[in-house]
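I have placed the structure first, in the form of structure tokens, so that the comments after it can refer back to it.
Chains as they are written, first to last, in our numbering: chain U, 1 to 290; chain X, 291 to 580.
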């Protein structure tokens with residue numbers, strides 16, 4: 001029997017697309033706020049003995065946590081067989097160790113919370129960084145999906161003579177895969193982070209790629225500082241305006257506008273977070289796993 | 291050894307007052323937001339083997355939950371002996387049963403979450419309603435403090451010839467105690483709720499209290515509809531403008547302004563939630579328990 005697909009507020013369109021792709025039922029639920037800011041939940045679908053999928057991308061996670069937790073608990077109280085969380089963007093992956101004494105390792109605490117109220121997790125290109133896999137922090141089964149094939153296919157179809165540019169050493173493994181599948185060369189920059197919003201990049205020579213279109217790829221575009229810094233360097237080379245591709249369109253504050261104004265050709269993202277730059281659809285990637 | 295008193299954001303002034311009242315150390319912590327909305331926590335105080343108190347009133351609870359949870363987890367990771375949550379206003383107490391099938395009993399889910407990461411709870415006049423005590427939902431020890439003595443003492447000191455008015459049958463037990471300690475008569479209204487923001491009240495005859503000052507008392511002033519409705523009725527009686535006293539100054543949307551404009555004499559609340567109407571200080575009530 002197919003799962004019932006529930007959308008948390010803001011995820012309606014992706015949930016609908018996933019449900020359509022696998023011909024599954026869309027979950028009916030009322031989620032609203034009381035005048036004092038508390039959340040009211042009422043599940044209308046019959047979830048008894050059914051597999052349930054909750055779709056909730058976790059950008060801006062703090063205010064989403066209780067509604068998500070309440071919905072899962074309510075569905076379980078109604079006798080559902082299992083609850084799987086599909087979270088295309090998984091937050092709290094960055095603080096994965098104690099850098100300065102006294103710091104909270106929020107990635108562990110967050111994982112422990114999630115693991116306590118859903119039975120399975122599916123996410124897309126999480127920012128694993130110093131961890132090898134999700135089960136170092138998540139005690140529930142988790143599945144990681146990758147957008148690299150979708151991105152390389154997009155590049156092959158839409159960008160002539162691309163040269164891929166990865167922002168830092170960490171990105172090498174990932175960018176090299178996309179480059180290979182896109183039949184394109186790549187280079188990797190060296191990034192130094194001076195704070196949340198302040199980064200500098202060291203640029204290798206790209207003389208021989210002068211006639212290529214630079215394609216900057218990163219997993220998360222948040223403050224966009226790295227990309228903006230890179231675009232600035234590229235401007236001096238007289239190459240074509242670069243295409244910026246990100247998996248997760250976090251775009252904090254006015255970073256999207258700043259990136260647009262920096263001299264890029266195009267900004268392309270996957271729809272793991274709903275945003276006007278979304279051009280690469282992840283629906284089928286998720287649908288295949290359900 | 292005395293506990294260390296930590297304030298969650300927005301609770302600094304109450305935490306400081308409590309620490310001063312019991313000559314305890316104030317906890318030093320950095321809690322800030324990353325550009326993408328995630329929370330960063332760093333505890334600066336040495337909490338090892340110490341009793342810890344977290345002060346966090348839970349109005350607008352959704353966005354406060356993760357920072358509170360992270361702080362408690364971080365403090366425990368640093369070897370604290372115990373973590374006690376002082377939450378002057380405890381949220382998610384109202385949805386305490388399934389009224390219509392499919393509803394989530396958020397008061398239970400919320401209690402289970404809190405019980406999972408702190409060791410003890412202290413709160414003030416929680417809206418227990420259909421429950422007799424906190425341990426029906428909270429699995430950790432909890433302590434309930436009451437403001438009735440503070441309120442009756444305020445009434446005795448500041449209001450001449452008061453007649454206390456309780457909004458509904460539930461309030462009788464509580465209003466009668468305040469009235470007795472304030473040496474004042476009281477009456478109880480009958481309230482019918484037609485929705486989150488829509489209530490009507492039935493008014494008994496108060497002819498014989500014509501020269502008294504009406505004092506409306508309620509535990510939570512949220513939409514203030516009950517009070518506004520009552521003030522309207524009172525206007526017709528030619529009594530003095532009523533004094534409205536609430537424990538918890540929730541005041542959703544523009545309800546404070548509406549109540550002010552309805553023809554009240556004064557609006558008085560306890561500082562369980564920081565608000566300009568706060569006149570009754572709960573510091574000592576809490577300090578006595580620590």
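In this text, a Cβ means the ideal position worked out from N, Cα and C, and glycines have one as well.
Remember, it's a predicted structure, so these values are computed and weren't measured experimentally.
Can the beta-carbon of residue i be found less than 9 Å from the beta-carbon of residue j?
i, j, result
"residue 228 of chain U", "residue 245 of chain U", "no"
"residue 290 of chain U", "residue 53 of chain U", "yes"
"residue 149 of chain U", "residue 217 of chain U", "no"
"residue 372 of chain X", "residue 341 of chain X", "yes"
"residue 243 of chain U", "residue 215 of chain U", "yes"
"residue 26 of chain U", "residue 2 of chain U", "no"
"residue 386 of chain X", "residue 332 of chain X", "no"
"residue 444 of chain X", "residue 70 of chain U", "no"
"residue 403 of chain X", "residue 346 of chain X", "no"
"residue 414 of chain X", "residue 432 of chain X", "no"
"residue 527 of chain X", "residue 500 of chain X", "yes"
"residue 87 of chain U", "residue 282 of chain U", "no"
"residue 284 of chain U", "residue 21 of chain U", "yes"
"residue 161 of chain U", "residue 140 of chain U", "no"
"residue 525 of chain X", "residue 555 of chain X", "no"
"residue 335 of chain X", "residue 105 of chain U", "no"
So which residues on chain U does residue i lean against when the C-beta distance must stay under 7 Å?
i, result
"residue 378 of chain X", "Simply none; closest approach about 15 Å."
"residue 556 of chain X", "Neighbours of residue 556 of chain X on chain U: none; closest Cβ ~23 Å, over 7 Å."
"residue 543 of chain X", "35"
"residue 546 of chain X", "None at all; the shortest Cβ gap to chain U is about 12 Å."
List, in chain order, every chain U residue whose beta-carbon is nearer than 9 Å to that of residue i.
i, result
"residue 513 of chain X", "35, 36"
"residue 540 of chain X", "35, 36, 37"
Less than 8 Å between the CB atoms is what I'm expecting for residue i and residue j, so what's the real figure, rounded?
i, j, result
"residue 509 of chain X", "residue 448 of chain X", "About 20 Å separates the two Cβ atoms, so there is no contact after all."
"residue 107 of chain U", "residue 92 of chain U", "5 Å"
"residue 250 of chain U", "residue 543 of chain X", "Incorrect: roughly 31 Å between the Cβ atoms, too far for contact."
"residue 521 of chain X", "residue 552 of chain X", "5 Å"
"residue 491 of chain X", "residue 481 of chain X", "5 Å"
"residue 308 of chain X", "residue 441 of chain X", "Incorrect: roughly 20 Å between the Cβ atoms, too far for contact."
"residue 328 of chain X", "residue 61 of chain U", "7 Å"
"residue 564 of chain X", "residue 303 of chain X", "7 Å"
How should residue i be labelled, buried or exposed, when 16 other C-beta atoms within 10 angstroms of its C-beta is the threshold for buried?
i, result
"residue 503 of chain X", "buried"
"residue 459 of chain X", "exposed"
"residue 73 of chain U", "buried"
"residue 135 of chain U", "exposed"
"residue 248 of chain U", "buried"
"residue 166 of chain U", "buried"
"residue 392 of chain X", "buried"
"residue 485 of chain X", "exposed"
"residue 513 of chain X", "buried"
"residue 561 of chain X", "buried"
"residue 545 of chain X", "buried"
"residue 288 of chain U", "exposed"
For a contact meaning CB atoms closer than 7 Å, what does residue i contact in chain X?
i, result
"residue 124 of chain U", "Going along chain X, no residue has its Cβ under 7 Å from residue 124 of chain U, so there is no contact; the nearest lies around 16 Å."
"residue 261 of chain U", "In chain order: nothing, as chain X lies at least about 18 Å away."
"residue 43 of chain U", "392"
"residue 230 of chain U", "In chain order: nothing, as chain X lies at least about 18 Å away."
"residue 92 of chain U", "328"
"residue 196 of chain U", "324, 325"
"residue 138 of chain U", "Under the 7 Å cutoff, chain X gives no residues; its nearest Cβ is about 16 Å from residue 138 of chain U."
Which first and last residues belong to the beta strand (DSSP E) in which residue i is found?
i, result
"residue 291 of chain U", "Here chain U comprises residues numbered 1 to 290, so residue 291 of chain U is not present and cannot be evaluated."
"residue 178 of chain U", "Counting along the chain, residue 178 of chain U falls outside any beta strand (DSSP E), though it belongs to the alpha helix (DSSP H) covering 172–181."
"residue 108 of chain U", "Counting along the chain, residue 108 of chain U falls outside any beta strand (DSSP E), though it belongs to the alpha helix (DSSP H) covering 106–115."
"residue 488 of chain X", "488–492"
"residue 75 of chain U", "First-last for residue 75 of chain U: 65–77, but that is the alpha helix (DSSP H), not the beta strand (DSSP E)."
"residue 17 of chain U", "Counting along the chain, residue 17 of chain U falls outside any beta strand (DSSP E), though it belongs to the alpha helix (DSSP H) covering 12–21."
"residue 539 of chain X", "533–539"
"residue 391 of chain X", "Neither: residue 391 of chain X is in no beta strand (DSSP E) and is coded neither H nor E."
"residue 330 of chain X", "329–333"
"residue 556 of chain X", "556–560"
"residue 420 of chain X", "Run containing residue 420 of chain X: none; DSSP gives neither H nor E here."
Please list the partners that residue i has in chain X, where partner means a Cβ-to-Cβ separation under 8 Å.
i, result
"residue 152 of chain U", "Ordered by position in chain X, no residue passes the 8 Å Cβ test against residue 152 of chain U, which lies about 26 Å from the chain."
"residue 61 of chain U", "327, 328, 356"
"residue 78 of chain U", "392"
Between which two residues does the alpha helix (DSSP H) containing residue i stretch?
i, result
"residue 545 of chain X", "545–551"
"residue 504 of chain X", "Careful: residue 504 of chain X lies outside any alpha helix (DSSP H), inside the beta strand (DSSP E) at 503–511."
"residue 439 of chain X", "438–448"
"residue 427 of chain X", "Here residue 427 of chain X belongs to no alpha helix (DSSP H), and DSSP marks it neither H nor E."
"residue 225 of chain U", "225–235"
"residue 82 of chain U", "Segment 82–87 is the beta strand (DSSP E) holding residue 82 of chain U; no alpha helix (DSSP H) there."
"residue 284 of chain U", "283–287"
Starting from the beta carbon of residue i, find every residue of chain X whose beta carbon is closer than 9 Å, and list them in chain order.
i, result
"residue 106 of chain U", "328, 329, 330, 331, 356, 360, 363, 364"
"residue 173 of chain U", "Ordered by position in chain X, no residue passes the 9 Å Cβ test against residue 173 of chain U, which lies about 23 Å from the chain."
Would you say residue i faces chain B, with C-beta separation under 9 Å as the test?
i, result
"residue 220 of chain U", "Any reference to chain B falls outside this structure, whose protein chains are U and X."
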